[in-house]
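Residue numbers (the working numbering): 313 to 876. Positions of the beta carbon are idealized from the N, C-alpha and C atoms, including for glycine.
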């Protein structure tokens with residue numbers, strides 16, 4: 313009996329061993345493709361790996377791991393973001409529907425079937441076989457049949473991916489596939505996480521109030537610490553010290569993003585997002601802490617004083633990152649001023665690229681937001697800097713040249729700093745030194761006109777001229793005719809008897825609820841050495857208590873040649 317048991321056991325072992333053995337040695341196939349665009353072969357090809365009913369569609373360095381899972385009949389995307397893993401699933405039943413027929417082609421010895429897709433207005437052509445030992449497609453969504461191996465994909469007739477080989481891999485370590493350990497998200501949620509994972513977001517302010525409050529307490533310099541919000545100029549300025557890392561400074565693109573909603577103020581106000589870089593001289597921070605007397609003074613031909621509006625030997629004005637204008641009451645006045653079929657925006661959102669203005673070297677900087685208002689409720693703002701990686705290696709990056717020259721944006725208005733009223737009787741002159749080896753030099757010039765009555769500069773085009781060393785290099789009439797586009801940002805805007813609203817009216821380079829980007833003035837022919845820059849504006853005359861003024865800022869930007 314014991315001998316019989318042993319014999320039966322031996323037979324079972326022999327029968328089972330081939331099955332176990334074949335499961336362990338299932339081959340790993342790699343399908344290699346050439347990438348061709350407009351008939352030109354790219355040096356970088358494409359590969360996919362197939363093993364045991366699973367296709368691996370990513371490289372180890374990819375943030376998103378993509379799989380075609382034939383056991384579950386679904387496409388799985390997995391990504392790690394922060395301390396969590398997320399996944400998104402697309403069942404085969406929801407894949408785009410192909411149109412079959414015609415155009416049979418031999419590829420790698422296989423007679424390939426043909427299918428086409430119309431996807432987001434793109435024509436996708438796929439040649440595939442079901443006879444190969446592997447399955448899959450370099451584009452997971454374009455899988456004509458479940459057992460298909462796509463050997464050629466053409467997009468819009470000019471981009472091709474063509475298989476060049478199917479090889480069996482030896483001693484290949486397969487990437488981990490653990491979909492059950494990832495949190496499942498909807499398509500929209502996964503897309504949000506995917507986008508957020510691609511760049512670095514630096515929050516600066518979150519729901520901070522910018523207002524006018526005479527009871528705002530002053531702060532002394534000894535108390536200032538990083539990462540804390542300070543309120544200056546009777547509440548109309550908020551300021552925070554932040555650290556810009558090397559990764560941030562070397563980003564390919566940098567954007568500043570601001571959201572603003574009314575917290576009681578009904579009017580359109582001048583706003584500015586600005587930066588105070590590290591400096592050995594005087595900055596506006598000294599004036600916030602110790603008063604206007606710390607700033608150098610420019611006196612115009614009529615005897616009016618303007619504090620801190622231009623570069624001096626030991627003073628640099630702030631770097632304006634964004635000029636913006638608050639809306640007429642978005643948020644606070646939405647329910648108070650209801651109009652049928654007018655769906656008021658809850659806030660104004662502004663986003664602008666500022667790559668050229670971000671320091672090259674990592675450092676601590678002060679970031680501020682100013683809104684010139686006289687309302688205790690004021691405005692609620694949130695601000696962030698978004699840093700997007702570039703394609704240039706750090707070793708190949710070129711240092712930046714950044715030199716702020718002038719700013720008549722009176723962020724210390726509540727402390728007595730004058731508006732930019734000098735242009736009706738004088739010229740703004742700035743002396744600066746251009747060092748050697750500066751290339752791609754530009755002046756970023758931002759100009760907005762103000763004087764809010766019918767004859768004021770806000771509503772009348774005025775010529776701006778820029779001179780360097782007495783030579784006219786640029787002239788412009790700053791003017792916006794698109795303000796009516798933003799009507800739904802302005803619930804508190806006054807409505808006129810002719811059907812227009814105040815927010816509709818054209819203005820001197822600004823609209824309520826929008827930002828004003830700078831003009832880029834090329835200065836490539838400027839030689840190294842000392843220069844004099846002059847700003848001349850055809851500013852209108854005052855009327856009784858009403859006066860005109862101009863908010864102008866100018867920053868030189870460029871690149872610095874590095875000796876090789």
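Counting only runs of 3+ residues fully inside the region 811-852, write out the beta strand (DSSP E) ranges in chain order. 831-834 and 841-849
For residue 680 versus residue 756, is the C-beta spacing smaller than 8 Å? no
Where residue 682 and residue 828 are concerned, what is the direct C-alpha to C-alpha distance, given to the nearest angstrom? 15 Å
Taking only three categories from DSSP, how would you classify residue 867? strand
Of all Cβ atoms in chain D, is any one closer than 8 Å to the Cβ of residue 413? Here chain D cannot be found, since the structure has a single protein chain.
Suppose you measure from the CA of residue 573 to the CA of residue 811; what does that come to, to the nearest Å? 25 Å
Cβ-Cβ distance between residue 450 and residue 431 below 8 Å: no
Beta-carbon within less than 8 Å of residue 336's beta-carbon, same chain only, minus the 5 sequence neighbours each way: which residues are those? A caution first: residue 336 carries a pLDDT of 46, below 50, which makes its placement in the model too unreliable to give a value.
Among 542, 521 and 517, nearest to residue 529 - alpha-carbon criterion: 542
So the candidates are 615, 666, 582 and 869; which of them puts its Cα closest to the Cα of residue 735? 615
Closest residue to residue 789 among 797, 770 and 840 (Cα-Cα distance): 770
Does the distance from the C-beta atom of residue 387 to that of residue 475 stay below 8 Å? no
Do the CB positions of residue 834 and residue 716 come within less than 8 Å of each other? no
Alpha carbon to alpha carbon, how far is residue 395 from residue 505? Give it in angstroms, no decimals. 13 Å
Would residue 634 be called buried (16 or more neighbouring beta carbons within 10 Å of its own) or exposed? buried
Out of 593, 691 and 649, point me to the one whose CA is closest to residue 577's CA. 691
What does a CB cutoff of less than 6 Å around residue 315 pick up in its chain, not counting 5 residues either side in sequence? With a pLDDT of 44 at residue 315, under the threshold of 50, the predicted position of this residue should be treated as unreliable, and no value is reported.
Mapping the DSSP letters down to three states, classify residue 709 as helix, strand or coil. coil
Kindly indicate which residue of 868, 567 and 556 has the alpha-carbon position closest to the one of residue 745. 868
Starting from residue 472, trace the alpha helix (DSSP H) both ways and give me its first and last residue. Not the alpha helix (DSSP H): residue 472 falls in the beta strand (DSSP E), residues 471-481.
Starting from residue 401, follow the beta strand (DSSP E) in both directions and report where the run begins and ends. 396-403
Delimiting residues of the beta strand (DSSP E) encompassing residue 877: Missing from the structure shown is residue 877; the chain here goes from 313 to 876 and no further.
Starting from residue 507, follow the alpha helix (DSSP H) in both directions and report where the run begins and ends. 499-508
Whether residue 862 touches residue 849 by CB criterion (8 Å): yes
Residue range of the alpha helix (DSSP H) that residue 596 falls in? 596-602
Reducing DSSP to helix, strand and coil, say where residue 795 ends up. helix
Are the CB atoms of residue 697 and residue 516 within a distance shorter than 8 Å? yes
Where does residue 703 land, buried or exposed, given buried means 16+ other C-beta within 10 angstroms? exposed
Quick one: measure Cβ to Cβ for residue 842 and residue 743, integer angstroms, because I've assumed they're closer than 8 Å. 7 Å
With DSSP run on the structure shown, which of helix, strand or coil describes residue 668? helix
6 Å CB neighbourhood of residue 333 in its chain, flanking five on each side removed: With a pLDDT of 38 at residue 333, under the threshold of 50, the predicted position of this residue should be treated as unreliable, though the coordinate-derived value follows. The answer is none, since no qualifying residue turns up.
Cβ pair count under 8 Å reaching 3, the region 365-377 against the region 434-452: yes
Close Cβ partners of residue 566 (< 6 Å) along its chain, the five nearest in sequence each way excluded: 666, 667, 670 and 699
Under three-state DSSP, which class holds residue 771? helix
Under a three-way DSSP split, which group does residue 359 fall into? strand
Excluding the 5 residues flanking residue 361 on each side, which residues of the same chain have their C-beta closer than 6 Å to its C-beta? 342 and 368
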